[in-house]
Every structure is written in structure tokens, then in C-alpha cells.
Amino acid sequence: MGSAHSREADARKHEDHEPEEEDFLISSSNGSGRAHEILKHDDAFAVIDTHGDIGAFGDRGNGFFHNDTRYLSRLELLVAHNAPLLLGSALDATDLQLCADLTNPDVYAEGALVLRKDAIHIYRTSYVRDNAIRQRLHFTNHSSEDVKLAVSLVFDCDFSDIFEVRGMRREKRGTVNRQIQSSQSVIYAYKGLDNVVRRTTVHLDPEPVSLGETAALYYLHLAPKQSAKLYFAAVAESRHAAKPCSYVKGLRDAHRTLRRAEHETTSVSVSNSELDAVIKRATSDLRLLTTSTEDGPYPYAGTPWYSTTFGRDALITALQVLWLDPGMARGVLRRLARFQAQSHDADADAQPGKILHEMRKGEMAALREIPFGRYYGSVDSTPLFVLVAGAYLQATDDRDFLVEIWPAVQRALEWIDGPGDPDGDGFIEYARETDSGLSNQGWKDSQDAVFHRDGSLAKGPIALVEVQAYVYAAKVWAARMANELGDVARAESLLQQAEALRVKFERDFWCEDIGCYALALDGEKKQVAVRSSNAAHLLFTGIAGPERAARIAEQVLSPNFFSGWGIRTIPASEIRYNPMSYHNGSIWPHDNAIIAAGFAQYGLCDLIQPVFEGLLDAALRMDQQRLPELFCGFRRRAGRSPILYPVACAPQAWASGSMLHILSSLLGLRIDAASRTITLKSPRLPASVGAITIRRLRAGGGSADFVLKKKYRSVIADVTDSRGGAKVIMA
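Every number in the working numbering is 918 more than the matching position in the sequence shown, counting from 1.
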């Protein structure tokens, strides 16, 4: 997959040794059983339970993280030496704050009840901003008596690398120094084995009665109906004990940034309130995951484990929301161009021109205890980079950026024709160069994801079916970009290469025996004759002939593939099918969205609706109406919800973008920035949609507001505003 190293749910605990691929699995070990939420801003995020605690009762996966290191491993509130009781907890309307309502339990002293439960209401709010986690605790006495309440905050920092948090063990690690800096602050410093010193400053306000290296104690004297407030902040990389910005100021700045972003981007609202909630959740999650980098906005792959720069995930996410936010694609392309491989590095699976798979900033990456500092082990990121660059140009007519990015596009094309095709047979293939790399380097990167009909694992080098289609589309888009730059000869050559690839691909990959394109060619150029959702990605690129495209579309919507909730990664008839597996029978929203976009590409518009409605129904049954990275592929049963995959990321960028992507496919949306034209080709509006209002949809230098609604059996567009010469056309 794009944002994960292969990671089945029941990962074993590892002895200290040179890491093998299984070491990058994610453990599903249990903690306190409390639910948790994610708070994020740029390179910092928190995994925090619904009480507002971190690491309470053995929740080893919780924490406040910055650049792949845990800067706060424990934060626990105790009231009269007891954990408070949870009344309710939720993210606020903006998703910036976690708001928890708590109360005291019954409190006894020497066998006597001294404070009845529910006497004290505690409103605890938390948010992450500017490399800090901040909390405000508001205590109100709702009893009829004066209360003297002991309140403790217990905290600590272990500076674990995120791969340690995920379950990897290390024989050696650095040392943590804890030091009380003032009556209101503690500084933690960790000198890692990479000789980097990482610091956390904990600050408390007001001054506690007593402060130790890992705990603060308050005594609150509350008359009936009286309130008191406490503030806590943990700041990553702070080198001094100065008081950080106030809780209120930080929150106010966050709201201002949010309002500005909402005003500048395209908005979508739907008359169906349930679908509207799903759309709002998706856009909110994408906003959460998008990080401001020196290159522009960049969608980090997912939390908690993949909150960093990934290539494939970001490129697909940028493509999903290109119609809504082309600035994201520009930020992704610029950043990946900057980190494009310049030389050969076997440990990193890097060759000149190759596009990044994953980048990590933690201690273990710096020491190469894991290979992912800058890791290039994905075979599809490079053609996807070229594809997205071309799609971005069409959507924006941003010729200045094309000039900037074109050298990186050319280097990517050189990799495709050179190191990406080491045997010169015209197909891109992969084989890891060292045992520490990923054995499978397509989006299905589990160790068992590429297998023959008899279940035996395919041996490489492996040429994946969808990757050849991405290369075809990349060369078609590159030809358009070359034309735009006036290089007609280069454009003609690229189109000829694309056509030659299409002909060879149809000959070598079509497998009449299964009525589908083979999943891959193995190292002996034998077809991996397995039906897969990978083959349906071809429709999105246009490489498949119309008759074969129709056969694939029919196949993936059959009960063998389609569970009722979505299209499985492989059908139930394949020998390795397991609806609980990571890649061999599960349902991935982004996979479904790409397939739906392919249906639109071939004019199979009516086939989009079951995919759309299946995922919508699934989202409505998920926590917070949020589609996760994946869920299990069990058949849909009346009265039952989809079955969750235990350690799926949620939110996850390309899952969040999926419903937005499918919505654009339903509408047949095409944007041509050069002519400032928004085309809606054979749009469909299922009953589950109702009317759609789209505001500030950009087409080059213009933008338009319009409402789509169904009238009899047709869809009509009511353009309510148009700026800069933008046109909306029904086709």
C-alpha cells in the first residue's frame, strides 16, 4: 500500500536483530481499552484518549509526537488520587480541540465517603499547535458544600522513536535527563545515539503546590458553584523554560487560519444531510493531515503511524482533490521534485530520477536501524509524479510551474526508460536491492500480495499491471506538457512510446483464461494469472481497449469482487482470499475511487453509483462518518455494519479523498484551465445525493458557483455566479 510497510494485525514481538521486513509490522497490542482521538498540526500530532490522557493504564501507543519521536509519553489527570469518570468526549465542530467532560468518582478517606461522585465537573480541552500540545482544565463545584480537592497531573517523556512505539525493540538507546527549571516548568532532554539532543518543556499555570520531575500537585478550594482553571503545555524542541503562548491565543490563531483556508478553497455542500456530513468529515480530515512545508501544502499519509512525507499516497491524494484544491498538487510535486533521487543507493532502493516513497526524521532512521530515512522503494511513485504534473497543468494552466517542474519530469521519464526497466523489455519492474527493503513495491506492498493462481508467491523482478498503465498515462501527459513547452518532436516521441507500450501491454498482460489482465509478470515473464482490483486501475489511465475495459468493469462489480460495501482487492474465488487480510480481500476506499474514475473515463457512468453508495453506506456506519484506510471484505449482511480492520489508519489521506474523488466522477467533472471551462459530462445524481452546491470552483483564472439538481431523469446546472470568464458546460 502507499502509506504502510506491510503490517498484518497480529505482529509478533521482535528480538533484537537486524530488521527484516516483518519488523515493520504494526502491533495491535491492547492498552486501557479507552477510545482515542488524533490531534495534529504540521509536523506534530497527538494520540490522546477520550479522557484527555496520554499513556494512562498502559496505552503504549499514545503520545505527543514530533518528527517521528514521542515528546510526551504520559499525561494523566488524577482527582483525589483517582482517575476521573468520563461523561462524554468529542472533537469540537472545527476538529481543532478534543473536548472531554469528566467528573469525580466517589472519594473515601479512612472508610468514610468524603466526596460524592458527580460533585465536580471537569471540562478538559486539548489541541496541538506550533509543536506543542496544550490543555485547559476547568473545574466547577456543583455540590452545595465547599470542596478542597487534590488534583494531580502526572507526565513523562521517553523520546521513543515511532518505530519503537510500533513494536520494534532496540538493544541500546540514548539517555533522558529530567530537570526542574522553575516552580512552573520541567525540561526533559534526550541525547540519542545519533548525537542529536531532543527536548521537551512542560509548563504549568498557575504555579502548583508542588512540582516534581514527573508530577504536579494542586489543591483547589472551591465554594459551591465556584470554578478554577489549570493550564498545561508540553512544547517539543523548546530549549528554555519561558512560558509558551497562552491557550486562548494559540486557539484563536488556529481558528483564524482555518477560516482563511475555508474562504480560499472550493466548498461542496449537499442537501442530503448524511452525505454532507461524510463530505465535511473528509474535507476536515484532509485539512488536518495537510502539513505546511517549505514546498507548500503536503498531505501526510495518515495518523498515527504515517504522519510524514510519503510519495505515492500524496500523489494520489493530490489527484483525488485536484478539482477542489490544485495548490495541494503543486506543493506535493515541488516537494517530491526536491527529494528526487540524484544517485544510486542500494540501501534506499534509490536510482537517479526516482521519486521518494517515504521519508523519516527520527533517531532510528538517522542511524539506519530502519531503511526509511529517505527511502525510494515504490515502483509507481515515479510515473504517478509525471501523471499528476500533467493533470495539474490541465487544471490550472500554470505554465510557470511547468517550467519549474519540467526538469524533474524529464529525470523521472529517464528513470522509467532506464533503471526502472533494467532488462529493457518495455515494462517497469521492481526488485529490492537489499534484504532490508520492501519485497513488494506497488501499493499492495504486503509480503504476500503478489501470488500465482496456486497461492505460491511470485518471484521478481515483478512488473505490476497497474504500474504499466500509470507509465502509459505518464507518457501521454508528458507529451502534452512537452507540446506546451514547444518541444513538438519530444511530444511525438512520447506518444509513440505510449502507443508501443499499449500494444505490447495488451499482448503480454491480457489473460483470456481469467477474462482479465494478469496481476503481474514475474521474474520469468510468466503471467501472474490472478484477478485483482489492480487491473481495474487500467480504466483510469485509458490503456485498456473498450471491450476489455467493459469486461473488467462487469467483473469487479460481480458478487465475487463487490461485497456490497465496496470492491475487494481480490475476489473471493482466489486462493489467497481472506477478507481480514491487509491486501488479499479487504476493501480500500482509494482503490474503489480510482476504479470509479476509470468507469467515468470509459463512459460507464451508471456503474459508478453502486461503488459510491456502498462506500457512503459504509462511511455512515463508521465512527464520525470517517472512511478508514481499509476495512474487512466480508459480504454485506442486513442489519450489520462493515467489519473494521484492527490497525487501519484513521484518518488517512487517500481514504479521506476517496468520496470527493468519486463525487467528481459521478459529476463527470472536467476542468480545462486554458479555456476556463468546467465541463460536466453525463453527470449522475443518485437519490442519496440530492442537490449539490459547489462554490469557488476554479478553472484557470476564473471560478464559478453552481447548483446541480435532478429534474425528472436529467441533471441540470444552475450557475449562480461566475468570475474571470469561467464557463460551466453540460455535455
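Note that beta-carbon positions come from the ideal geometry of N, C-alpha and C, so glycine has one too.
- Here the C-alpha atom of residue 1540 lies approximately 10 Å from the C-alpha atom of residue 1568.
- With contacts defined by Cβ atoms closer than 8 Å, residue 1162 and residue 1154 do not form a contacting pair.
- Spatial neighbours of residue 1611 in its own chain (CB-CB distance under 7 Å, excluding positions within 5 residues in sequence) are listed in chain order as 1187, 1625.
- Residue environment analysis places residue 1370 among the buried positions, since at least 16 neighbouring C-beta atoms fall within 10 angstroms of its C-beta.
- Our two residues, residue 1284 and residue 1277, have alpha carbons roughly 11 Å apart in a direct line.
- Where residue 1221 is concerned, there is no enclosing beta strand (DSSP E), because DSSP gives it neither an H nor an E.
- By alpha-carbon distance to residue 1295, the top candidate from 1324, 1306, 1482, 1258 is 1258.
- For residue 1566, same chain residues with a beta-carbon under 8 Å away, outside a window of 5 residues either side, are 1546, 1547, 1548, 1549 in chain order.
- Between residue 1473 and the set 1496, 1193, 1449, the nearest pair of CA atoms involves 1449.
- If you keep only unbroken beta strand (DSSP E) runs of at least 3 residues inside the region 1126-1157, you get 1133-1140, 1145-1154.
- No Cβ-Cβ contact shorter than 8 Å links residue 1102 with residue 1074.
- In this structure, residue 1536 and residue 1459 do not form a Cβ contact; the two beta carbons are roughly 26 Å apart against a cut-off of 8 Å.
- Residue pairing by DSSP puts residue 1051 in a beta bridge opposite 1046, 1152.
- DSSP places residue 1102 outside any alpha helix (DSSP H), giving it a letter other than H or E.
- With 16 or more neighbouring CB atoms inside 10 Å of its own CB, residue 1202 falls in the buried class.
- Rounded to the nearest whole angstrom, the C-alpha separation of residue 1467 and residue 1457 is 6 Å.
- When C-alpha distances from residue 1585 are compared across 1623, 1561, 1543, 1526, the shortest belongs to 1526.
- Residues 1393, 1396, 1397 of the same chain have their beta carbon placed closer than 6 Å to that of residue 1412, with the five preceding and five following residues left out of the count.
- DSSP places residue 1399 in the helix class (H, G or I) of the three-state scheme.
- In its chain, beyond the 5 residues on either side, 957, 958, 959, 962, 963, 964 have a beta carbon closer than 7 Å to the beta carbon of residue 1046.
- As a beta-bridge residue in DSSP terms, residue 1215 pairs with 1210.
- The three-state reading of DSSP puts residue 1523 in helix, counting H, G and I together.
- Inclusion of residue 1329 and residue 1271 in the CB contact set at 8 Å is warranted, their separation being smaller than that value.
- Taking 8 Å as the cut-off, the Cβ atoms of residue 994 and residue 974 count as close.
- The beta carbon of residue 1134 lies closer than 6 Å to those of 1071, 1122, 1126 in the same chain, with the five residues before and after it left out.
- Secondary structure of residue 1573 (DSSP, three-state): helix.
- Contact between residue 1049 and residue 1280 is ruled out by a C-beta separation of about 15 Å, above the 8 Å threshold.
- Under the Cβ criterion (8 Å, minimum of three pairs), the region 1367-1381 does not count as touching the region 1507-1524.
- Counting the other Cβ atoms within 10 Å of the Cβ of residue 1501 gives 16 or more, which makes it buried.
- With a 10 Å radius around the Cβ and a threshold of 16 neighbouring Cβ atoms, residue 967 comes out buried.
- Inclusion of residue 1022 and residue 1033 in the CB contact set at 8 Å is warranted, their separation being smaller than that value.
- Non-local beta-carbon contacts of residue 1332 in its own chain, meaning distances under 7 Å to residues more than five positions away in sequence, involve 1271 in chain order.
- Under the three-pair Cβ rule at 8 Å, the region 1305-1320 does not count as touching the region 1343-1362.
- The continuous alpha helix (DSSP H) containing residue 1165 extends over residues 1165-1182.
- Contact check for residue 997 and residue 1069: beta-carbon distance about 6 Å, within the 8 Å limit, so the pair qualifies.
- Here residue 1445 carries a strand assignment [DSSP, helix/strand/coil].
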